[in-house]
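Q: Residue 92 in full-length UniProt numbering sits at position 92 of the sequence shown; the count goes up by one each step and never skips.
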Amino acid sequence: LNYTLSISTPMRSLVVIDREYQHCPLQFDDKIRSANLFPLDMYDFDIIMGRDWLINHRATIVIHTKSVIFVDLDKLEFVYQDSQLGLLAFLMDTSSDGPSLETHPIVREFSNVFPEELPGIPPECKVEFGIKLILGTQPISKAPVSSWGAPVLFVKKKDGSMRLCIDYRDLNRVTIKNRYPLPRIDDLFDQLQDAKFFSKIDLKSGYHQLRVKEQDVPKTAFRTRYGHYEFLTSSL
Numbered sequence: 001l002n003y004t005l006s007i008s009t010p011m012r013s014l015v016v017i018d019r020e021y022q023h024c025p026l027q028f029d030d031k032i033r034s035a036n037l038f039p040l041d042m043y044d045f046d047i048i049m050g051r052d053w054l055i056n057h058r059a060t061i062v063i064h065t066k067s068v069i070f071v072d073l074d075k076l077e078f079v080y081q082d083s084q085l086g087l088l089a090f091l092m093d094t095s096s097d098g099p100s101l102e103t104h105p106i107v108r109e110f111s112n113v114f115p116e117e118l119p120g121i122p123p124e125c126k127v128e129f130g131i132k133l134i135l136g137t138q139p140i141s142k143a144p145v146s147s148w149g150a151p152v153l154f155v156k157k158k159d160g161s162m163r164l165c166i167d168y169r170d171l172n173r174v175t176i177k178n179r180y181p182l183p184r185i186d187d188l189f190d191q192l193q194d195a196k197f198f199s200k201i202d203l204k205s206g207y208h209q210l211r212v213k214e215q216d217v218p219k220t221a222f223r224t225r226y227g228h229y230e231f232l233t234s235s236l
């Protein structure tokens with residue numbers, strides 16, 4: 001061959017081939033057919049006939065009779081039948097897991113960024129969650145316990161369990177809304193033009209990785225029968 005072929009076998013190994021045996025005679029009873037063959041390092045089968053060869057020689061495999069029907073150009077038909085039938089098959093473990101995230105080079109290099117569980121309060125950084133109030137706003141609750149305590153309630157989920165919800169409606173009424181305009185979908189698609197590589201990062205408990213500004217922590221307070229609590233990280 002003037003080129004090399006890389007063939008993937010059913011055993012998931014790669015075989016590099018640089019030779020071809022042309023016009024090899026194959027005898028089916030008293031009929032002779034020819035084939036161009038590539039040597040494979042497989043000893044379970046003497047020869048494997050591909051789909052192209054079956055099409056070119058008008059051959060049809062009949063599984064239940066263990067026979068092959070050949071149709072000649074002159075429309076004459078003959079049947080080759082052997083006492084043995086070999087099937088090329090392999091098992092695939094569909095339950096095996098895919099590539100592990102831990103094997104990715106970037107994840108290994110920055111393992112502290114991709115923990116399985118959050119180790120604790122996120123470190124201080126330039127980006128923090130803040131709650132801006134309308135000028136002149138007074139606390140919505142009275143001391144001595146908390147000036148911003150919000151009530152809690154439980155809402156039943158679809159599976160029957162209960163979800164803890166904090167009623168921040170009073171706080172929301174005196175909070176300056178984020179007026180940053182949402183991007184138009186057309187503009188987002190325009191930005192993706194000519195892009196070839198895309199990445200996705202799903203932060204574990206992402207909101208809990210964003211610290212609340214120290215001066216805004218009291219505004220996150222909520223009260224329960226067991227006491228008053230405040231969020232040190234974003235609770236949304």
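C-beta atoms are modelled at their ideal positions from N, C-alpha and C, and glycine is treated no differently.
Among Phe38, Ser235 and Lys219, which residue has its Cα nearest to the Cα of glycine 149?
A: Nearest of Phe38, Ser235 and Lys219 to glycine 149, Cα basis: Lys219.
Q: Below 8 angstroms on the Cβ atoms is my contact criterion, and I expect isoleucine 166 with valine 152 to pass it. Report the Cβ-Cβ distance as a whole number of Å.
A: Right, the Cβ-Cβ distance comes to about 5 angstroms (below 8 angstroms), so this counts as a contact.
Q: Can you tell me whether DSSP reads proline 25 as helix, strand or coil?
A: Strand.
Q: Here's a check: name, in chain order, each residue in its chain whose Cβ is nearer than 7 angstroms to the Cβ of arginine 33, leaving out the five neighbours to either side.
A: Only Leu26 and His57 meet the Cβ criterion.
Q: Whose CA, out of Cys24, Leu37 and Ser8, lies closest to the CA of leucine 1?
A: The residue with the shortest Cα to Cα distance from leucine 1 is Leu37.
Q: Using the beta-carbon count (16 or more within 10 Å), is leucine 135 buried or exposed?
A: By the 10 Å Cβ count, leucine 135 comes out exposed.
Q: Could you give the residue range of the beta strand (DSSP E) that holds leucine 37?
A: Segment 31 to 37, the beta strand (DSSP E) holding leucine 37.
Q: Who does serine 13 pair with in a DSSP beta bridge?
A: Serine 13 is not bridged to any residue.
Q: To test your reading of the DSSP string, which unbroken beta strand (DSSP E) runs of 3 or more residues are found completely within the UniProt domain "Reverse transcriptase" (155 to 225)?
A: For the UniProt domain "Reverse transcriptase" (155 to 225), whole beta strand (DSSP E) runs of length 3 or above, ordered along the chain, are 162 to 166 and 222 to 224.
Q: Straight-line CA distance for glycine 120 to serine 13?
A: Cα to Cα, the separation comes out at about 46 angstroms.
Q: By the three-class DSSP mapping on this structure, what secondary structure does valine 71 have?
A: Note: valine 71 maps to strand in three-state DSSP.
Q: Closest to asparagine 172 by C-alpha separation, out of Glu124, Pro139 and Arg108, would be which residue?
A: Asparagine 172 has its Cα closest to that of Pro139, out of Glu124, Pro139 and Arg108.
Q: Report the rounded CA-to-CA distance for valine 62 versus valine 68, giving the unit in angstroms.
A: When rounded, the distance between both Cα atoms is 6 angstroms.
Q: When the Cα of valine 212 is compared with those of Pro123, Val174, Glu20 and Lys158, which residue comes out closest?
A: Out of Pro123, Val174, Glu20 and Lys158, Pro123 has the C-alpha closest to the C-alpha of valine 212.
Q: Going along the chain, which residues of its own chain have a beta-carbon closer than 8 angstroms to the beta-carbon of arginine 163, five neighbours each way excluded?
A: Cβ within range, chain order: Phe154, Val155, Lys156 and Lys157.
Q: State the beta-bridge partners of leucine 133 as determined by DSSP.
A: Thr175.
Q: Name the two residues that bound the continuous alpha helix (DSSP H) containing isoleucine 7.
A: Where isoleucine 7 is concerned, there is no enclosing alpha helix (DSSP H), although the beta strand (DSSP E) it sits in stretches over 5 to 8.
Q: Where glutamate 132 and asparagine 178 are concerned, what is the direct C-alpha to C-alpha distance, given to the nearest angstrom?
A: Here residue 132 is lysine; the residue named in the question, glutamate, does not match the sequence. Each residue's Cα considered, the two are about 9 angstroms apart.
Q: How would you write the range of the alpha helix (DSSP H) that valine 127 sits in, first residue to last?
A: Counting along the chain, valine 127 falls outside any alpha helix (DSSP H), and DSSP gives it neither H nor E.
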